[in-house]
Amino acid sequence: MTAEFLAGIAASDGIAIAPAYLLTEPDLSFEKKTISDSGAEILRFEEAVKQAHQEISLIKKRAEESLGSEEAQVFEAHLMFLDDPEFIGQIKQVITDQLINAEAALDQIAQMFITMFSAMEDNPYMQERAADIKDVSERMMAILLGLKVPSPATIDHEVIVVAHDLTPSDTAQLNKKYVKAFVTDIGGRTSHSAIMARSLEIPAIVGSQSITQSVKDGQTIIVDALAGQVILNPSQEDIANYQQKAQDFQKQKEEWAKLVDAPSVTQDGHQVELAANIGTPKDVEAVLANGAEGIGLYRTEFLYMDSANFPTEDEQFEAYKTVLEAMEGKPVIVRTMDIGGDKELPYLDLPKEMNPFLGYRAIRISLDRTEIFKTQLRALLRASNYGNLRIMFPMIATLKEFRQAKAVLEAVKADLLAEGQTVADTIQVGIMVEIPAAAVLADQFAKEVDFFSIGTNDLIQYTMAADRMNEQVSYLYQPYNPSILRLIKNVIDASHREGKWTGMCGEMAGDQTAVPILLGMGLDEFSMSASSVLKTRSLMQSLTLSDLQKLADRALNEAGTVDEVVEMVQALTQNK
46 MTAEFLAGIA
56 ASDGIAIAPA
66 YLLTEPDLSF
76 EKKTISDSGA
86 EILRFEEAVK
96 QAHQEISLIK
106 KRAEESLGSE
116 EAQVFEAHLM
126 FLDDPEFIGQ
136 IKQVITDQLI
146 NAEAALDQIA
156 QMFITMFSAM
166 EDNPYMQERA
176 ADIKDVSERM
186 MAILLGLKVP
196 SPATIDHEVI
206 VVAHDLTPSD
216 TAQLNKKYVK
226 AFVTDIGGRT
236 SHSAIMARSL
246 EIPAIVGSQS
256 ITQSVKDGQT
266 IIVDALAGQV
276 ILNPSQEDIA
286 NYQQKAQDFQ
296 KQKEEWAKLV
306 DAPSVTQDGH
316 QVELAANIGT
326 PKDVEAVLAN
336 GAEGIGLYRT
346 EFLYMDSANF
356 PTEDEQFEAY
366 KTVLEAMEGK
376 PVIVRTMDIG
386 GDKELPYLDL
396 PKEMNPFLGY
406 RAIRISLDRT
416 EIFKTQLRAL
426 LRASNYGNLR
436 IMFPMIATLK
446 EFRQAKAVLE
456 AVKADLLAEG
466 QTVADTIQVG
476 IMVEIPAAAV
486 LADQFAKEVD
496 FFSIGTNDLI
506 QYTMAADRMN
516 EQVSYLYQPY
526 NPSILRLIKN
536 VIDASHREGK
546 WTGMCGEMAG
556 DQTAVPILLG
566 MGLDEFSMSA
576 SSVLKTRSLM
586 QSLTLSDLQK
596 LADRALNEAG
606 TVDEVVEMVQ
616 ALTQNK
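Just so we're aligned, residue 46 is where the sequence shown starts under my numbering, counting upward by one.
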């Protein structure tokens, strides 16, 4: 059998060779049957309950080890239903009374409970139990049907995870010890799963379109996330070649590692700041290990997404304090709550919208529900005493929004001082530039903000009117498009005229094709996945600012297409 090559988008560098682990939903369709021996059928059902209990207990244990006890609580709720005599008893009763198979009885009672809990609109806690019943009953159904319910938390040998997509909870359960890479059908470089892969520092390919149809569970595959290819049915020779390629890449990483304490400078001495993006305090270890000079984006929404309720002021304070102390005086930019779009909270009743990315999200929620906002700002200001804090407001479209957010911040600060608490007086306050309106009006914003941080993931999709998650228009997600470059240049120049600085925290900041142009345009700070810092520092050291400024000038004024910009960059960097 000859090897097949499946192309995708290289989302996180590296090479892996291992059996595929299909993380796909099993087909749980069943046939309702009449039975004659209810006792035997109840025994079969009890065995399924016992097996489900064992599986969920193991998942809960693994989740506690990798995520912490609070995040593992959801599995405690699953176990409670398996131990609930009301739920389990009614299923057994239906088997006895109606003389139907366990699958049909389970489905009948599970659907009844799901409908009942879902209807409790005045009780969000009970509404959430509907999802628990669904998860538990699907696991029991799969066991009854003799099917495997895939669970990342139960993986105990080296695999490459293959999925249509990976949810935040899926990626949170991935154990780097065993998961050597993952491949998905959908997604792009800025999708959640891609960003998580870079945080975990495991190879990943997304947007392959058909990997779940092309691979069988347990089949050995090769993931070449340097070239964006998955190799199916590899020969022994293929495996040997890619093992060598993996060793070569490891040697390259070891060379980059020598730059961990080196300054971020071009060949002719132009210095910038290389920072890293994080989602949780646990990510700081990778930031420091990769020699980042600060945190350019702390995505605080994970504090909210990893909790069953709004995190309290003290819970947030402890998280921010932990990060600030660990960074030992290096700057930490904390983005205030960026919920909405593709990031939902079960306990925050957001309206259903036709286009949530252009709707009620981020600063728009914070300015509308100021008590949530004030709680976060109080925690941040209290934590400011423990490090070099910078605060950034997301999704700012108008100057009025920034002024309103700043006014809330000042009011919270006044309250804390009146209570006798101390607040650092060196906190810089800036905005994320991710809406074209803010980029165009950067000269006015620059008079009032302390800094800009360009969020290219959203800036590009809004400028190009192309949803970055939509495979049909993914070709329009163009970081190097001259129109995007001109917007970025406008923001950088506006900040410099006012004596301010501009950073970038979108994925473009660590893009090896974009970095030379951004350096030439005068970007002051680059914040990226921690795993990209050393590679970017190495690239910078091979380039001179004078060459980069000429490159940027040509890209801004002569190029009309993405391809022309890429050719200009390659002509410069491939000669180095």
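We put the beta carbon where it would ideally sit given N, CA and C, even for glycine. Keep in mind it's a predicted model, so treat the numbers as computed, not measured.
- Nearest C-alpha to lysine 580 among Arg599, Lys595, Gly555: Gly555.
- Closest option to aspartate 503, judged by alpha-carbon separation, among Leu271, Arg406, Ser83: Arg406.
- By the CB criterion at 8 Å, serine 259 and leucine 51 fall inside the cutoff.
- Inter-residue distance for alanine 150 and glutamine 172 is about 22 Å (C-alpha atoms, whole angstroms).
- The beta carbon of glycine 59 lies closer than 6 Å to those of Pro248, Ala270 in the same chain, with the five residues before and after it left out.
- Residue range 358 to 371 is occupied by the alpha helix (DSSP H) that includes threonine 367.
- Pairwise C-beta distances place the region 68 to 83 in contact with the region 145 to 160, as three or more of them are shorter than 8 Å.
- Going by beta carbons, aspartate 306 and glycine 336 fall inside the 8 Å limit.
- Where glutamate 612 is concerned, the enclosing alpha helix (DSSP H) starts and stops at 607 to 618.
- Sequence-distant Cβ neighbours of serine 591 in its own chain, meaning closer than 8 Å and more than five residues away, are Asp313.
- Taking the Cα positions, threonine 212 is about 25 Å away from isoleucine 340.
- Around the beta carbon of threonine 467, fewer than 16 other beta carbons sit within 10 angstroms, so the residue counts as exposed.
- Under a 10 Å Cβ-count criterion, methionine 241 is classified as buried, with 16 or more other Cβ atoms of the shown protein chains found around its own Cβ.
- Beta bridge pairing from DSSP links glycine 324 with no other residue.
- For a cut-off of 8 Å, the C-beta gap from valine 275 to glycine 432 is around 42 Å, too long to register as a contact.
- Listed in chain order, the beta strand (DSSP E) runs fully inside the region 186 to 256 are 204 to 208, 224 to 229, 249 to 251, counting runs of at least 3 residues.
- DSSP places glycine 555 within a helical segment (H, G or I) once states are collapsed to three.
- Where alanine 52 is concerned, the enclosing beta strand (DSSP E) starts and stops at 49 to 52.
- Methionine 514 sits close to serine 236, with the two beta carbons spaced by under 8 Å.
- DSSP places aspartate 488 within a helical segment (H, G or I) once states are collapsed to three.
- For alanine 63, the enclosing beta strand (DSSP E) has its first and last residue at 60 to 67.
- Of the candidates Leu422, Lys445, Ala484, the residue whose Cα lies closest to the Cα of arginine 435 is Leu422.
- When secondary structure is reduced to three states using DSSP, threonine 345 falls in the coil class, being assigned neither helix nor strand.
- Exposed is the label assigned to proline 396, since fewer than 16 other Cβ atoms lie within 10 Å of its Cβ.
- A residue is called buried when at least 16 other Cβ atoms come within 10 angstroms of its Cβ; asparagine 322 meets this threshold and is buried.
- DSSP, reduced to helix, strand and coil, places leucine 568 outside both helices and strands of the structure shown, so it counts as coil.
- The C-beta separation of isoleucine 499 from valine 536 comes to about 6 Å, placing the pair in contact by the 8 Å criterion.
- Boundaries of the beta strand (DSSP E) around leucine 434: 433 to 438.
- Short of 6 Å from the beta carbon of valine 610, and not among the five residues preceding or following it, lie these beta carbons of its own chain, in chain order: Tyr525, Ala600, Ala604.
- Beta-carbon to beta-carbon, isoleucine 140 and isoleucine 87 are separated by about 6 Å, close enough to satisfy the 8 Å threshold.
- CA-to-CA, the gap between alanine 450 and threonine 367 works out to about 25 Å.
- In the DSSP annotation of this structure, the continuous segment of the alpha helix (DSSP H) that includes proline 130 starts and ends at 130 to 143.
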